[in-house]
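**Q** Just dropping this structure here.
In the numbering used here, the protein residues as written are 2 to 383.
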C-alpha cells in the first residue's frame, strides 16, 4: 500500500455489545488536580488542532473552560480529559479528526426512543473522558489516553460522507464523553445538518453552559446520563459533580432540543428507591413529565466486578416509582424482551412502540399521535 493511501480501520460492533443503554459509564473518584503529562510524539495524534473555550493565564498556563473541572493546565501538560494539551500557552485538542471508531447501530442503542424509531445511526467516538466512573462498560476507550487507543483518520466531511454511505439518518457523538472532542463534534454537526442529517450526542452532562449552548444550536437531540441523585456518589463513584449535570439538563430544555435521560441502576450504589423517587420528582418539576427516562441494567465491569447485575425486580420497582412521580415515558434497558422495553401511550396505555432490545417490531404512532386514541406524543417522528 502506497504512503499516500489512507489506512482506515473501521470498528464494527454489534448493537448492544457495548451496552450503550447504560450510558457513558466511566471510572473512579473525583480528580480535581489530576493534570497529567502529555506524552510527546504520540504517533496517532501528532497533529494538534486549536481548542475552543479556554483562558490564557500567566506563565504560559491556561484554564480550560469546556467542562466543570475548569482545569488549570501548565505548558506541556494535558487536562483531566487527557486530550486537551497546553502548548506554550495555547490550548489544543489532540483528537480532532482522530476517531477511535465509527459505529452503525439502530438509534435505540443510544438509547434515543422518541426520534424516528428504528432508523440507522452512525456513532462517532474518540479516546478518553472527563469522568472516572468505576463501573464503565466502555473503559477500554474512555479510561485510556489517545496514545493508548488506536485512531482512525477522518475529516468532518469524511465522517458525514460515511454516514450517508451507510444510509444513516443521524450522527451521534457517543460511547466516550463527546465534550472532550467538542471541536470535532461541532464541525461534523454543522456539515451533517447541511446534508439533511439529524445530530445528537450522548453525554455525562458535565459540559459548561457556554459550549453547551453553542453545540445545541446544531443538535436535534441529546441523551444525558443522570448517574445518581447524590453528591457523594457522583464524586466517589463517577468522579464528577451532580450540580453541573442538573444545570445542563435545564439548559437543554430551555433551548428546545429534544432530551432523553438514562439512569444506570447499580446495586448498592444508586438503587435506593427514595433517591430514585427524588430524582424523578426533580425531573417532573424542572424538566416536565414528557422527558423519557431509561432505567438500564448494570453488568459487572471495570472496577465494580464484585457487584452483581441489577436485579430485574429493582428495575421494575424503579419504573413504578417513576410513573408514580408523574413521568410519562419510562423504559427499561439491557433486559431484551422485557415488557418495558416498549413505549406505552400515557393516555390510553396501549403499546405505541413494540421493542425487543434495540429492534422495533411495531410502531403505532401516526403523524406524531397515538393511532388508538389520538394523543399527541412528544418527540421527532418524521
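All C-beta atoms in this analysis are idealised placements derived from N, C-alpha and C, irrespective of residue type, glycine included. These numbers were taken from a predicted model, which means no experiment stands behind them.
Are three or more beta carbon pairs between the segment 159 to 178 and the segment 118 to 126 nearer than 8 Å?
**A** yes
**Q** Helix, strand or coil for residue 120 per DSSP?
**A** Here residue 120 refers to the residue found at position 119 of the chain shown. For residue 120, the secondary structure class from DSSP, reduced to helix, strand or coil, is coil.
**Q** Does the segment 251 to 265 touch the segment 279 to 294, meaning 3 or more C-beta pairs lie closer than 8 Å?
**A** Segments in contact, yes.
**Q** Need the endpoints of the alpha helix (DSSP H) that residue 142 sits in, please.
**A** By 1-based counting over the chain shown, the position of residue 142 is 141. Unbroken alpha helix (DSSP H) run through residue 142: 140 to 143.
**Q** Can you tell me which of 94, 102, 248 puts its alpha carbon nearest to the alpha carbon of residue 154?
**A** Along the chain shown, one-based indexing puts residue 154 at 153. Measuring from the Cα of residue 154, the nearest candidate turns out to be 102.
**Q** Could you tell me whether the segment 272 to 282 touches the segment 235 to 249, using the rule of 3 or more Cβ pairs below 8 Å?
**A** no
**Q** Based on the DSSP output, what are the partners of residue 363 in its beta bridges?
**A** Here residue 363 refers to the residue found at position 362 when the chain shown is read from its first residue. Bridge partners of residue 363: 355.
**Q** Evaluate residue 157 with the Cβ neighbour count: other Cβ atoms within 10 Å of its Cβ, from every protein chain shown; 16 or more gives buried, anything less gives exposed.
**A** Along the chain shown, one-based indexing puts residue 157 at 156. Counting Cβ neighbours within 10 Å, residue 157 comes out buried, since at least 16 surround it.
**Q** Would you mind giving the Cβ-Cβ distance between residue 161 and residue 196, rounded to the nearest angstrom? I have them listed as a contact below 8 Å.
**A** Residue numbering aside, residue 161 sits at position 160 when the chain shown is read from its first letter. Residue numbering aside, residue 196 sits at position 195 when the chain shown is read from its first letter. Residue 161 to residue 196, Cβ: 6 Å. Contact.
**Q** Over the uninterrupted alpha helix (DSSP H) stretch that includes residue 217, give me the two end residues.
**A** Within the chain shown, the letter at position 216 stands for residue 217. From DSSP, the alpha helix (DSSP H) with residue 217 extends over 210 to 217.
**Q** Just to confirm, are residue 268 and residue 316 a CB contact at a threshold of 7 Å?
**A** In the chain shown, residue 268 corresponds to position 267, counting from 1. In the chain shown, residue 316 corresponds to position 315, counting from 1. No, the pair does not count as a contact, with Cβ atoms beyond the cut-off.
**Q** Where DSSP assigns a beta bridge to residue 331, which residues make up the other side?
**A** Position 330 of the chain shown holds residue 331. For residue 331, which the question treats as bridged, DSSP gives the partners 294.
**Q** Output needed for residue 387: all residues of its chain with C-beta closer than 6 Å, excluding positions within five of it in sequence on either side, in chain order.
**A** A question about residue 387 goes unanswered here, because the residues of the chain that appear run from 2 up to 383.
**Q** Roughly how many angstroms separate the alpha carbons of residue 107 and residue 122, rounded to a whole number?
**A** Taking the chain shown and counting its residues from 1, the one referred to as residue 107 is at position 106. Taking the chain shown and counting its residues from 1, the one referred to as residue 122 is at position 121. Rounded to the nearest angstrom, the two C-alpha atoms are 6 Å apart.
**Q** What separation, rounded to the nearest whole angstrom, lies between the Cα atoms of residue 328 and residue 62?
**A** By 1-based counting over the chain shown, the position of residue 328 is 327. By 1-based counting over the chain shown, the position of residue 62 is 61. Straight-line Cα distance between these residues: approximately 46 Å.
**Q** What is the rounded straight-line gap between the Cα of residue 55 and the Cα of residue 184?
**A** As a first step, residue 55 must be located in the chain shown, where it is residue number 54. As a first step, residue 184 must be located in the chain shown, where it is residue number 183. Going by the C-alpha atoms only, they are around 13 Å apart.
**Q** Do you know how far the Cα of residue 378 is from the Cα of residue 48?
**A** As a working mapping, residue 48 is identified with position 47 in the chain shown. As a working mapping, residue 378 is identified with position 377 in the chain shown. Residue 48 and residue 378: Cα-Cα distance of roughly 46 Å.
**Q** State the start and end residues of the unbroken beta strand (DSSP E) segment that holds residue 105.
**A** If you number the chain shown from 1, residue 105 lands on position 104. Where residue 105 is concerned, the enclosing beta strand (DSSP E) stretches over 102 to 107.
**Q** With distances taken between CB atoms, is the gap from residue 80 to residue 65 smaller than 7 Å?
**A** Working through the chain shown from its first residue, we reach residue 80 at position 79. Working through the chain shown from its first residue, we reach residue 65 at position 64. For residue 80 and residue 65, yes; Cβs fall inside 7 Å.
**Q** Quick one: what's residue 71 bridged to in DSSP?
**A** Translated into positions along the chain shown, residue 71 becomes position 70. None; residue 71 has no bridge partner.
**Q** If you scan the segment 216 to 257 from start to end, which runs of the alpha helix (DSSP H) of 4 or more residues do you find wholly inside it?
**A** 232 to 239, 243 to 255
**Q** Looking only at its chain, what residues have a beta carbon closer than 8 Å to the beta carbon of residue 334, apart from the 5 residues adjacent to it on each side?
**A** On the chain shown, position 333 is the one that residue 334 refers to. Around residue 334: 22, 23, 112, 263, 295, 296, 297, 298, 342.
**Q** Less than 8 Å between C-beta atoms, sequence neighbours within five positions excluded: which residues of the same chain meet that for residue 258?
**A** Mapped onto the chain shown, residue 258 falls at position 257. These residues qualify, in order along the chain: 217, 220, 221, 222, 223.
**Q** Since residue 160 is in the alpha helix (DSSP H), which residue starts that stretch and which ends it?
**A** The residue labelled residue 160 in the question sits at position 159 within the chain shown. Run containing residue 160: 157 to 166, per the alpha helix (DSSP H) assignment.
**Q** Ends of the alpha helix (DSSP H) at residue 1?
**A** Residue 1 cannot be examined here, being either before or after the span of the chain that is shown, 2 to 383.
**Q** What residue range is occupied by the uninterrupted alpha helix (DSSP H) comprising residue 187?
**A** The residue given as residue 187 occupies position 186 in the chain shown. Secondary structure note for residue 187: its alpha helix (DSSP H) is the uninterrupted segment 183 to 195.
**Q** Just verifying my parser: in three-state terms, what is the DSSP assignment at residue 94?
**A** As a first step, residue 94 is located in the chain shown; it is residue number 93 there, counting from the start. Three-state result, residue 94: strand.
**Q** From which residue to which residue does the beta strand (DSSP E) around residue 63 run?
**A** On the chain shown, residue 63 is found 62 positions in, with the first residue counted as 1. From DSSP, the beta strand (DSSP E) with residue 63 extends over 63 to 65.
**Q** Does the Cβ-Cβ distance between residue 331 and residue 339 come in under 7 Å?
**A** Start at 1 with the first residue of the chain shown, and residue 331 comes out as number 330. Start at 1 with the first residue of the chain shown, and residue 339 comes out as number 338. Against a cut-off of 7 Å, the Cβ pair of residue 339 and residue 331 comes out as no contact.
**Q** Cβ of residue 131 within 7 Å of Cβ of residue 231?
**A** Sequence index remark: in the chain shown, residue 131 carries index 130 (1-based). Sequence index remark: in the chain shown, residue 231 carries index 230 (1-based). No; because the gap between Cβ atoms is not below 7 Å, this pair is not in contact.
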